[in-house]
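In terms of my numbering, the sequence shown has 56 at position 42, counting the first letter as 1, and numbering is strictly consecutive.
In this text, a Cβ means the ideal position worked out from N, Cα and C, and glycines have one as well.
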Amino acid sequence: MAYDNICKYLAENYPADLIRWLHDIEVTEISVLKTELNTEPIHADSLTLLQTANQILQWEFQTLPASKPSLPLRMLKYWVRLKEKYDCPIEQVVIFLKFTRSEKVYTNQLVDTNTSHCYRVIR
């Protein structure tokens with residue numbers, strides 16, 4: 015615990031040094047952000063626990079492909095919260111209820127830097 019607190023102190027007070035050491039880049043403009051992450055409530059459309067398989071099925075019903083936050087990001091957020099709470103396998107399905115020509119209905123994953131999250135889509 016003491017090591018953790020010392021490292022947090024160093025990260026907050028000497029961020030440029032840690033950035034240089036850990037990421038090998040020089041920066042001049044740095045903002046140290048608050049470390050408390052917001053956990054606002056989010057509501058899935060449908061959650062079912064298959065008790066014999068100890069697996070969660072999540073169904074999201076969509077009429078429009080566009081949303082804020084984006085649907086791929088929402089699916090990742092649902093997955094993380096469910097995994098934290100239940101620690102079991104999760105299968106996610108997005109079901110589009112209306113026809114659209116939008117290419118977004120073909121998106122079935124979020125890929126960003128070091129993160130990749132997939133889910134199933136039914137059109």
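Residue i vs residue j beta-carbon contact at 8 Å
i, j, result
"Q106", "Y92", "yes"
"F75", "I109", "yes"
"H131", "M89", "yes"
"L96", "I70", "yes"
Inter-residue spacing [alpha-carbon to alpha-carbon] between residue i and residue j
i, j, result
"E43", "W35", "16 Å"
"I39", "L111", "47 Å"
"D101", "F113", "35 Å"
"E117", "Q123", "13 Å"
Continuous beta strand (DSSP E) stretch holding residue i: start and end
i, result
"R134", "R134 to I136"
"L124", "Q123 to D126"
In DSSP terms, what residue i is bridged to
i, result
"T129", "D126"
Range covered by the alpha helix (DSSP H) that runs through residue i
i, result
"I33", "P29 to H37"
Which ranges would you report for the beta strand (DSSP E) in the stretch 55-108 if only whole runs of at least 3 residues count? For the stretch 55-108, whole beta strand (DSSP E) runs of length 3 or above, ordered along the chain, are 60-64 and 69-76.
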